[in-house]
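Residue numbers (our numbering): 519 to 681. The next block holds one structure in the form of structure tokens; read it before the comments.
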Ligand SMILES: [Zn+2]
């Protein structure tokens with residue numbers, strides 16, 4: 519069954535809601551970038567830390583340039599980036615999910631408006647063309663969102679799919 523763009527958007531919104539549910543259970547404070555990932559600090563410890571714990575949320579792993587460990591873990595430059603990415607995702611990802619839910623809810627509200635007169639008044643082409651433009655404009659935003667999502671996750675084909 520082929521999903522409509524409205525169904526796809528709702529599905530993406532559900533992913534974000536699920537993500538935020540999981541996010542409630544993780545360590546609820548900013549995570550620090552490991553010293554290993556920072557060029558301005560000479561210490562090379564690889565811990566992602568959070569206030570309130572003496573230990574770490576997680577540890578970055580990397581292969582040595584030479585030696586027995588070479589190849590088992592990401593090379594140093596990639597591991598450095600992993601540390602920054604994990605720490606910054608802690609605050610960025612939930613924020614992005616919240617913003618996305620807000621955008622989808624606004625889009626749905628805008629699409630469900632019974633009258634498009636208000637939006638058409640500013641358009642010189644008149645009511646019918648203005649209304650059509652408005653609908654196409656909203657459809658374009660929806661398509662753009664879905665295309666970006668599907669570029670990362672593949673096509674959304676079923677309602678019950680989970681990321
Ligand atoms: Zn350190």
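Positions of the beta carbon are idealized from the N, C-alpha and C atoms, including for glycine. The structure presented is a predicted model; accordingly, all values stated were derived computationally and were not measured.
Any heavy atom of ligand 1 closer than 7 angstroms to the Cβ of residue i?
i	result
residue 613	no
residue 561	yes
residue 553	yes
Write down the C-beta distance between residue i and residue j rounded to the nearest angstrom, noting that I regard them as a contact closer than 8 angstroms.
i	j	result
residue 564	residue 552	5 angstroms
residue 656	residue 628	6 angstroms
residue 554	residue 598	6 angstroms
Cβ atoms of residue j and residue i: under 8 angstroms apart, would you say?
i	j	result
residue 566	residue 620	no
residue 580	residue 562	no
residue 523	residue 668	no
residue 538	residue 615	yes
residue 575	residue 609	no
residue 659	residue 529	no
residue 531	residue 622	yes
Worksheet item: For the region 523-556, which segments carrying the alpha helix (DSSP H) assignment without a break, of at least 4 residues, lie completely within its bounds, in sequence order?
Response: For secondary structure counted as the alpha helix (DSSP H) over 4 or more consecutive residues, the region 523-556 holds these complete runs in sequence order: 523-541.
Worksheet item: Going along the chain, which unbroken runs of the alpha helix (DSSP H) with 4 or more residues stay wholly within the region 579-610?
Response: No alpha helix (DSSP H) of 4 residues or more sits fully in the region 579-610.
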